[in-house]
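K.L.:
Here you go, one structure.
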Amino acid sequence: MTLTGTAADRLLLRTARRGGGWSVVLAVAALADAVATVLLPAALAVAVDDVLSPGPLGPAVAVCAVLVVVSAMTDVLMEWATGAGTARVTAWLRHAFVRHVLAGGPSLGLDPGDATSRVVGGAAEAGLAPAAVIRAVVAVLPPVGAVVALVLIDWRIAVALGVALPVLVLLLRSFVRDITGTVRRYLDVQGTMAARLAEAVRGIRTIAAAGTVDRESGRVLAALPELRREGDAMWRVQGGVGARGLFAVLALQVAVLAVAGLELAAGRISPGELVAAGRYAALAAGLGPIVTHLGRIGRARGAAARAAEIMELPVPPENTGELPPGPGTLEFRRVSAGVLSDVDLTVPGGTAVAVVGLSGSGKSLLAALAGRLADPDSGEVLLDGVPLPRLSRAALRDAVGYAFARPHLFGGTVLEAVGFGTPGAPDETLRHAAVTACADPFIRRLPAGYGTALADAPMSGGEAQRLGLARAFAHGGRLLILDDATSSLDTATEREIGRTLFGASAGRTRLITAHRAATAARADQVVWLDGGGVRARGAHTDLWRDPAYRAVFGADR
Ligand SMILES: Nc1ncnc2c1ncn2[C@@H]1O[C@H](COP(=O)(O)OP(=O)(O)OP(=O)(O)O)[C@@H](O)[C@H]1O
């Protein structure tokens with residue numbers, strides 16, 4: 001087994017525990033079915049001998065009928081329990097997977113298409129495992145019972161069987177190994193295609209503008225031949241075991257029946273026992289059900305290996321700490337991450353700080369570190385004296401509001417989009433936040449105003465930004481982080497929003513990454529990032545004397 005196989009098995013084990021009562025129902029039904037299956041040929045043997053011998057019929061025929069009914073009923077029960085149990089564990093797996101992906105946050109760096117394929121298709125495959133394991137284990141019982149029965153009927157027949165059985169066992173072993181590998185590769189290729197398709201859909205405007213539909217279609221579908229190869233390989237493995245298995249089973253049955261025929265001729269077994277020997281030979285070589293269940297296990301392991309790759313990625317640790325009351329003082333202590341190294345910075349509570357610097361100087365990275373959207377490689381970020389990793393997720397998100405340059409809007413309606421992240425906020429608060437973010441006029445012009453479905457409200461970049469700002473304003477919290485969140489606004493609107501943002505009544509700490517000199521000019525303090533750290537900090541008017549600072553804004557040196 002490979003390393004990923006181990007991770008996959010761990011995940012499958014966790015999944016299996018979620019089967020609950022359905023696993024028990026399935027195990028009991030499968031056991032009852034196995035017992036009925038093993039007893040039936042024996043009862044049949046007695047019934048055949050009864051029929052062939054003079055005199056009244058014994059109870060064997062009735063026993064046969066009962067066993068057939070039991071077998072049919074347990075079949076139905078097994079299918080039912082398999083379906084219900086599989087649905088349950090698949091749902092758990094999807095739940096755990098989605099939670100892990102979202103709790104992991106941006107630091108997991110996942111590809112959306114690939115992650116989606118793992119959770120949508122992969123979870124359904126992996127969910128098959130618990131039921132398949134139970135059924136595969138129980139499916140071994142009829143062959144074992146059949147061997148015992150054959151020994152009891154006549155040991156010579158059992159010897160004929162014993163010679164052929166190891167071949168079947170080897171066949172099954174190689175089948176599980178091969179099917180796990182091919183399924184894994186098949187799903188990997190599928191994931192690649194999903195990732196490329198998701199990327200193409202995200203960049204659909206660029207593709208249309210560049211006129212590269214054919215090239216992009218080709219790129220998304222380039223993996224198809226490989227997918228086909230892996231698909232073929234999967235069916236070859238499945239078909240191969242079927243064909244070789246069938247050959248082995250037939251050879252085995254012929255051998256058993258030949259020996260049984262000799263035994264009947266020698267008078268050592270009865271005609272009924274000959275019939276039973278034939279049935280038991282088929283049961284002993286009963287590859288069909290085992291192959292089916294092992295195939296499912298192999299597919300589940302392949303899918304689980306892919307899911308486990310993500311489930312094993314570490315989620316940033318979360319604590320239970322609460323944030324004591326405070327003004328919202330933000331501190332960076334010797335923080336290094338990406339392009340930033342050894343940054344020491346204190347943003348006094350209640351002040352507005354503009355972070356400026358050339359493109360790529362680390363402004364957004366600093367903003368991400370400030371609200372723990374990223375963790376530093378070394379050093380600490382503290383809010384009111386508490387290191388961010390000590391805070392519970394809820395405490396952190398209560399305290400920190402974010403607005404981004406390209407906000408993703410979530411929610412059914414525009415009003416819900418503003419309230420996202422602030423559950424239970426009264427409508428009035430949300431509308432007020434929209435007014436503050438200069439979003440109210442355009443929202444009122446929408447077909448149903450604040451009740452307009454997001455899907456029916458195509459927005460310009462600036463309008464979406466204003467909704468993102470409204471969402472951040474509605475959120476409250478002692479620290480507000482605006483990462484390039486006004487970049488698409490016209491100057492007049494930005495100035496209008498700036499009145500609230502930089503007004504004396506703003507009341508909370510604000511960290512604002514900015515490209516415009518006007519924004520920096522209104523902040524209480526400017527932090528100038530350059531060369532991997534803070535090059536200078538101070539009032540914009542003071543920094544403006546430095547030609548290099550002016551160059552950040554494209555002003556003449
Ligand atoms: N979480 C992260 N960990 C490590 N490096 C990162 C992280 N996020 C961004 N970076 C890298 O840091 C560098 C600075 O990126 P950042 O987005 O912070 O620049 P910026 O100053 O905001 O630029 P712009 O003005 O163009 O938006 C980039 O090279 C980016 O790849």
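Take 1 as the starting number for the sequence shown in full-length UniProt numbering and just add one per residue. Even glycine gets a Cβ: it sits at the ideal position worked out from N, Cα and C.
State the DSSP-derived secondary structure class of Glu312, mapped to helix, strand or coil.
P.N.:
Counting from 1 along the sequence shown, the entry for residue 312 is found at position 312. It is coil, neither helix nor strand.
K.L.:
As a quick check of your reading: which residues have a C-beta less than 5 angstroms from at least one non-hydrogen atom of ligand 1, in chain order?
P.N.:
Those residues are Gly338, Val339, Ser359, Gly360, Ser361, Gly362, Lys363, Ser364, Leu365 and Ala374, given in chain order.
K.L.:
Name the residue from Gly58, Arg14, Gly533 and Tyr549 whose alpha carbon lies nearest to the alpha carbon of Ser341.
P.N.:
Within the sequence shown, the letter at position 341 stands for residue 341. Nearest of Gly58, Arg14, Gly533 and Tyr549 to Ser341, Cα basis: Gly533.
K.L.:
So, helix, strand or coil for Gly451, using DSSP?
P.N.:
Along the sequence shown, read from residue 1 onward, the residue named residue 451 stands at position 451. Looking at Gly451 - three-state DSSP - the assignment turns out to be helix.
K.L.:
If we count Cβ pairs, one from each stretch, closer than 8 angstroms, do we get three or more for the region 311-329 versus the region 381-395?
P.N.:
Contact holds: three or more Cβ-Cβ distances are below 8 angstroms.
K.L.:
Please report the straight-line C-alpha distance between Thr2 and Arg299, rounded to a whole angstrom.
P.N.:
On the sequence shown, residue 2 is found 2 positions in, with the first residue counted as 1. On the sequence shown, residue 299 is found 299 positions in, with the first residue counted as 1. Residue placement at Thr2 is poorly supported in this model, since its pLDDT is 44, which falls under 50; the coordinates still yield a value, given next. Taking the straight line from one Cα to the other gives about 15 angstroms.
K.L.:
Thinking Ala433 and Phe473 are a contact (beta carbons under 8 angstroms), I'd like their distance in whole angstroms, please.
P.N.:
One-based indexing of the sequence shown puts residue 433 at position 433. One-based indexing of the sequence shown puts residue 473 at position 473. Going by Cβ atoms, the distance from Ala433 to Phe473 rounds to 4 angstroms, so yes, they are a contact pair.
K.L.:
Could you spell out where the alpha helix (DSSP H) holding Glu494 opens and where it closes?
P.N.:
As a first step, residue 494 is located in the sequence shown; it is residue number 494 there, counting from the start. Start and end: Thr491 to Phe502.
K.L.:
Who are the near neighbours of Ala158 in its chain, counting only those whose CB is closer than 7 angstroms to its CB and skipping five residues on each side?
P.N.:
Taking the sequence shown and counting its residues from 1, one reaches residue 158 at position 158. Excluding residues within five positions, the ones whose Cβ falls inside 7 angstroms are Val147, Leu150 and Val151.
K.L.:
Between the C-alpha atoms of Gly362 and Val339, what's the straight-line distance to the nearest angstrom?
P.N.:
As a first step, residue 362 is located in the sequence shown; it is residue number 362 there, counting from the start. As a first step, residue 339 is located in the sequence shown; it is residue number 339 there, counting from the start. C-alpha separation (whole angstroms): 6 angstroms.
K.L.:
Suppose the cutoff is 6 angstroms on Cβ atoms and the five residues either side in sequence are ignored; what does the same chain contact list for Thr4 look like?
P.N.:
Indexing the sequence shown from 1 puts residue 4 at position 4. Any reading at Thr4 is ruled out, since the residue's pLDDT is 47, under 50, leaving its predicted position unreliable.
K.L.:
In whole angstroms, what is the alpha-carbon distance linking Arg10 and Leu224?
P.N.:
Along the sequence shown, read from residue 1 onward, the residue named residue 10 stands at position 10. Along the sequence shown, read from residue 1 onward, the residue named residue 224 stands at position 224. Whole-angstrom Cα-Cα distance: 31 angstroms.
K.L.:
Could you please give the first and the last residue of the uninterrupted alpha helix (DSSP H) stretch that includes Leu67?
P.N.:
Start at 1 with the first residue of the sequence shown, and residue 67 comes out as number 67. Taken as a continuous stretch (DSSP letters only), the alpha helix (DSSP H) holding Leu67 covers Ala60 to Gly104.
K.L.:
Does the count of Cβ pairs from the region 117-133 and the region 188-200 closer than 8 angstroms reach three?
P.N.:
At 8 angstroms Cβ cutoff, the stretches touch.
K.L.:
For Ala448, tell me which candidate among Gly476, Ala437, Arg202 and Gly412 has the shortest Cα-Cα distance.
P.N.:
Here residue 448 corresponds to residue number 448 of the sequence shown, with the count starting at 1. Checking every option, the nearest Cα to that of Ala448 belongs to Gly412.
K.L.:
Under three-state DSSP, which class holds Glu331?
P.N.:
The residue given as residue 331 occupies position 331 in the sequence shown. The answer is strand: DSSP assigns Glu331 an E or B state.
K.L.:
Between the Cα of Leu511 and the Cα atoms of Leu39, Gly328 and Val133, which residue gives the shortest distance?
P.N.:
Against the sequence shown, residue 511 aligns to sequence position 511. If we check each option's Cα against that of Leu511, Gly328 comes out closest.
K.L.:
If you compare alpha carbons, which of Ala260, Ser364 and Thr74 is closest to Trp155?
P.N.:
To locate residue 155, count along the sequence shown from 1; it is residue 155. Nearest C-alpha to Trp155: Ala260.
K.L.:
Taking the alpha carbon of Asp456 as the point to measure from, which residue in Thr436, Ser487 and Leu409 has its own alpha carbon closest?
P.N.:
In the sequence shown, the residue the question calls residue 456 occupies position 456. Out of Thr436, Ser487 and Leu409, Leu409 has the C-alpha closest to the C-alpha of Asp456.
K.L.:
Since Gly104 and Val315 should fall inside the 8 angstroms C-beta cutoff, what is the C-beta to C-beta distance between them, to a whole number of angstroms?
P.N.:
Working through the sequence shown from its first residue, we reach residue 104 at position 104. Working through the sequence shown from its first residue, we reach residue 315 at position 315. So it is a contact: roughly 5 angstroms between Cβ atoms.
K.L.:
Nearest by alpha-carbon distance to Arg406: which of Arg471, Asp398, Leu345 and Asp377 is it?
P.N.:
Indexing the sequence shown from 1 puts residue 406 at position 406. Per the Cα distances, Arg471.
K.L.:
Please find out if some non-hydrogen atom of ligand 2 comes closer than 8 angstroms to the beta-carbon of Val138.
P.N.:
In the structure shown, ligand 2 is absent; the only ligands present are ligand 1.
K.L.:
Looking only at C-alpha atoms, which of Ala354, Gly424, Thr351 and His475 sits nearest to Leu396?
P.N.:
Mapped onto the sequence shown, residue 396 falls at position 396. Of the candidates Ala354, Gly424, Thr351 and His475, the one whose C-alpha sits nearest the C-alpha of Leu396 is His475.
K.L.:
Run through the region 360-391 for me and flag every whole alpha helix (DSSP H) of 4 or more residues, listed as ranges in chain order.
P.N.:
The qualifying runs are 363-370.
K.L.:
Let me check understanding here. Comparing Cα to Cα, which of Ala36, Asp33, Thr37 and Val63 lies closest to Val46?
P.N.:
Within the sequence shown, numbered from 1, the residue matching residue 46 stands at position 46. The shortest Cα separation from Val46 among Ala36, Asp33, Thr37 and Val63 belongs to Val63.
K.L.:
Helix, strand or coil for Asp154? Go by DSSP, reduced to three states.
P.N.:
Mapped onto the sequence shown, residue 154 falls at position 154. Looking at Asp154 - three-state DSSP - the assignment turns out to be coil, as it is neither helix nor strand.
K.L.:
Would you call the region 206-216 in contact with the region 233-247, where contact means no fewer than 3 C-beta pairs closer than 8 angstroms?
P.N.:
No: the two stretches stay apart, fewer than three of their Cβ pairs being nearer than 8 angstroms.
K.L.:
Please report the straight-line C-alpha distance between Phe502 and Arg333, rounded to a whole angstrom.
P.N.:
By one-based count along the sequence shown, residue 502 stands at place 502. By one-based count along the sequence shown, residue 333 stands at place 333. So the alpha carbons of these two residues sit roughly 26 angstroms apart.
K.L.:
Out of curiosity, what's the CA-to-CA distance linking Phe97 and Ala277?
P.N.:
Locating residue 97 in the sequence shown gives position 97, where the first residue counts as 1. Locating residue 277 in the sequence shown gives position 277, where the first residue counts as 1. Each residue's Cα considered, the two are about 50 angstroms apart.
K.L.:
In terms of DSSP beta bridges, what is Ile512 paired with?
P.N.:
Position 512 of the sequence shown holds residue 512. Answer is Ala354 and Leu482.
K.L.:
Relative to the alpha-carbon of Ala8, which residue among Asp542, Gly498, Gly127 and Thr429 has its alpha-carbon at the smallest distance?
P.N.:
Your numbering for residue 8 matches position 8 in the sequence shown. Among Asp542, Gly498, Gly127 and Thr429, the Cα nearest to that of Ala8 belongs to Gly127.
K.L.:
Can you list, in chain order, the residues of its chain whose CB lies under 8 angstroms from that of Ala43, leaving out five sequence neighbours each side?
P.N.:
Taking the sequence shown and counting its residues from 1, one reaches residue 43 at position 43. Closer than 8 angstroms at Cβ, skipping near neighbours: Ala60, Val63, Cys64 and Leu67.
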